[in-house]
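Each position in the sequence shown, counted from 1, maps to that position plus 346 in the working numbering. Structure record follows, encoded as structure tokens.
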Amino acid sequence: MRSIFVTGSNRGLGLGLIKHLVQSSKPPEYIFATCRNPDKALELKEIAQKSGGVHIIKLDLTDIDSYKNVVKVVEEKLAGRGLNVLVNNAGISSKFARLNYVKEKQLTEAFMTNSVAPILLAKAALNAATKSMSIDLKDDGILVVCLHPGWVRTDLGGKNAPIDVDTSIQGILSTLDTLTEAQTGCFLQYDGKMLPCSFFLDLVFRYLKAIRSCANSKNYIYIYISIFVRM
């Protein structure tokens, strides 16, 4: 790939992806790393200083009006050559609490960042949206997949998750390298295995059950990444 745009690049899976891209034998010429507050993204800034290909862009996914400016910055850098890969990775999560203690602002921010910003649809419709967009963008040579990175040890995933960031990112990059037209519109695991829609529904029910029964942050967090690849 020649260029890639990654949301939520200041920590967790996003930061891990940027690290692996920079360290790869053939790193992308343009790596657009976005986050809400670049000034606080110290590790990301350090990577950018050492690598001329990393461009940090301020992006708050809850501020839709700012999207045009971000697009303009990317277009100027690429000079009309087009973006190869878009990774919608950003997500937020407040500590779990009983529903009667959850504030409206917490719900709004979480839904806006995790659901509306990536695909303009609720997460429950992610598979359908992926399939639909894969059909709409097929003639443009763009592959669209919904990718489950696994339950990963990050700030969102928690320390009890069975997979570390490196394992997840290595699998994701390997899957992207071998992605074919036959897989566009599919729901894939980080290691490239195809997952059935029933798997997603099972996770939703388990997630809701965890929220209802617990009032602390030691629960499963499942993150889904939507990825667009321009062939």
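Just so you know, even glycine gets a beta-carbon here, dropped at the ideal spot from N, CA and C. Given the structure is predicted, the values throughout are model-derived calculations rather than measurements.
I438 versus S371 - alpha carbon distance: Its pLDDT being 49, under 50, I438 is placed unreliably in this model, and the value from its coordinates should be taken loosely. Using only the alpha carbons, I get a separation of about 32 Å.
Stretch-stretch touch, CB-based, cutoff 8 Å, three pairs: the region 399-419 with the region 368-382: yes
As assigned by DSSP and simplified to three states, the class of I569: Note that I569 scores a pLDDT of 44, beneath 50, so its modelled location is shaky; the value from the coordinates is reported in the next line. Three-state result, I569: coil.
Contained beta strand (DSSP E) runs [length at least 3] in the region 366-450, N- to C-terminal order: Here the runs fully enclosed are 376-381, 400-404, 431-434.
Within 8 Å, strictly: CB atoms of S520 and G538: yes
Exposure label - G503; buried when at least 16 CB within 10 Å: buried
DSSP state of L502 mapped onto helix, strand, coil: Correct three-state label for L502: coil.
Cross-strand partners of I350 (DSSP beta bridge): Per DSSP, I377, V431.
Straight-line Cα distance separating K396 from L294: This structure cannot speak to residue 294, because the chain is shown only from 347 to 577.
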